[in-house]
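Input: a single structure, listed below in structure tokens.
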Amino acid sequence: MTLDDPILVEAKAARETVLELERQQEHARVDYHHQIRRLHAAGGSLREIADALGLSHQRVHQIVGEPEFTGPHWPFPGPEHAHDVIREVRKRRGRPRRERFFTRFSEPGRTVLVAAQDEVRSLKHNYVGTEHVLLGLLREEGSIAQRALASLGITYDLVREHVVREIGEGEDVLIGQIPFTRAAKRSLELALREALRLEHEHIGSEHVLLGLVGAKNSGAAEMLATLGAEPDAVRTAVESLLAG
2 MTLDDPILVE AKAARETVLE LERQQEHARV DYHHQIRRLH AAGGSLREIA
52 DALGLSHQRV HQIVGEPEFT GPHWPFPGPE HAHDVIREVR KRRGRPRRER
102 FFTRFSEPGR TVLVAAQDEV RSLKHNYVGT EHVLLGLLRE EGSIAQRALA
152 SLGITYDLVR EHVVREIGEG EDVLIGQIPF TRAAKRSLEL ALREALRLEH
202 EHIGSEHVLL GLVGAKNSGA AEMLATLGAE PDAVRTAVES LLAG
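Under the working numbering, the first residue of the sequence shown is numbered 2, with each subsequent residue one higher.
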């Protein structure tokens, strides 16, 4: 028995619609949970958040205290641990590994990850988001990413002030494993793709920055755009420095 071609085409189109709606639903759920964590980080109590959003106190506690998307342990003392991050990202997304490209971060790239950890602990947040990675990039003086952002008027002090104003600071320093947001994981995967596209055998600050502005639901990309550095402008600035 053969399949009716016109009906098959319609079935495939319907399948794509379903998949897209599922993706949108997942993105909305992740963003919802992220906003709840922001409310808590900004000083809102679990009871206040629960009452305002019509949730149970237990559910809010679960969302705030047990983020779904977790990553490997901080800190990253060496390139082999940065490689573990990438292996974890690719394993979770079910994609084949191409390890010969990802054996190590460059020194600036590795330092960025450690600096992002410092920012998480300094702000007393309970997750590693794209905004923390962005702050880590801006702390790496003289790197391509820092120079590209500086050319667009983006500085560490400017971004940190924006993070504190928009997200706030937490109350307690998180001990042990710090979870990654989905957008942060996605940005690392995109950093790998940028390294491949540019035929570089390392993951440097420039690739991480390109990954940040290319990731969906990236708080860092939205923040940069708000501060006057649109994704296309960031990409142009990075590529100009690489070409120079």
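Every residue gets a Cβ at the ideal spot worked out from N, C-alpha and C, and that includes glycine.
> Does the count of Cβ pairs from the region 130-149 and the region 113-121 closer than 8 Å reach three?
Replying inline: They touch, by the three-pair rule.
> When DSSP labels each residue in this structure, what does VAL174 get in the three-state scheme?
Replying inline: Residue numbering aside, residue 174 sits at position 173 when the sequence shown is read from its first letter. Correct three-state label for VAL174: coil.
> Thinking C-alpha only, which one of ALA216, ARG236, GLY205 and ASP5 is nearest THR112?
Replying inline: Against the sequence shown, residue 112 aligns to sequence position 111. Distances from the alpha-carbon of THR112 to those of ALA216, ARG236, GLY205 and ASP5 put GLY205 closest.
> Distance, Cα to Cα, ALA196 vs PRO109?
Replying inline: Against the sequence shown, residue 196 aligns to sequence position 195. Against the sequence shown, residue 109 aligns to sequence position 108. The straight-line gap from Cα to Cα measures roughly 14 Å.
> Grouping DSSP H, G and I as helix and E and B as strand, with all else coil, what is ILE64?
Replying inline: The residue given as residue 64 occupies position 63 in the sequence shown. Three-state DSSP puts ILE64 in a helix.
> Quick one: Cα of HIS163 to Cα of ALA151, how far?
Replying inline: Locating residue 163 in the sequence shown gives position 162, counting from the first residue. Locating residue 151 in the sequence shown gives position 150, counting from the first residue. Straight-line Cα distance between these residues: approximately 16 Å.
>> In whole angstroms, give me the CA-to-CA distance for HIS62 and ILE37.
In response: As a first step, residue 62 is located in the sequence shown; it is residue number 61 there, counting from the start. As a first step, residue 37 is located in the sequence shown; it is residue number 36 there, counting from the start. One alpha carbon belongs to HIS62, the other to ILE37, and they sit about 10 Å apart.
> Under three-state DSSP, which class holds HIS204?
Replying inline: Taking the first residue of the sequence shown as position 1, residue 204 is located at position 203. Here residue 204 is Ile; the residue named in the question, His, does not match the sequence. In the structure shown, ILE204 sits in a strand (DSSP, three-state: E or B).
> Hey, how far is the Cα of LEU153 from the Cα of ALA230?
Replying inline: Within the sequence shown, the letter at position 152 stands for residue 153. Within the sequence shown, the letter at position 229 stands for residue 230. Taking the straight line from one Cα to the other gives about 6 Å.
> How many whole angstroms separate the CB atoms of TYR157 and ARG140, which I take to be in contact at a CB cut-off of 8 Å?
Replying inline: Translated into positions along the sequence shown, residue 157 becomes position 156. Translated into positions along the sequence shown, residue 140 becomes position 139. About 6 Å separates the two Cβ atoms, so the contact holds.
>> Between which two residues does the alpha helix (DSSP H) holding GLY154 run?
In response: For the purposes of this step, residue 154 is identified with residue 153 of the sequence shown, where counting begins at 1. If you look at GLY154, you'll find it isn't in any alpha helix (DSSP H); DSSP assigns it neither H nor E.
> Between the Cα of ARG39 and the Cα atoms of GLY169, ASP173 and ASN218, which residue gives the shortest distance?
Replying inline: Position 38 of the sequence shown, counting from 1, holds the residue named residue 39. Of the listed residues, the one whose Cα sits closest to ARG39 is GLY169.
> Comparing alpha-carbon positions, which option in ASP173, ALA238 and GLY130 lies nearest SER188?
Replying inline: To locate residue 188, count along the sequence shown from 1; it is residue 187. The option with the nearest alpha carbon to SER188 is GLY130.
> Since SER219 is in the alpha helix (DSSP H), which residue starts that stretch and which ends it?
Replying inline: Counting from 1 along the sequence shown, the entry for residue 219 is found at position 218. Careful: SER219 lies outside any alpha helix (DSSP H) and carries neither H nor E.
>> Could you compute how far the alpha carbon of VAL222 sits from the alpha carbon of GLY143?
In response: For this step, residue 222 is matched to residue 221 along the sequence shown. For this step, residue 143 is matched to residue 142 along the sequence shown. Here the sequence assigns Ala to residue 222, which means Val is not the residue at that position. Going by the C-alpha atoms only, they are around 21 Å apart.
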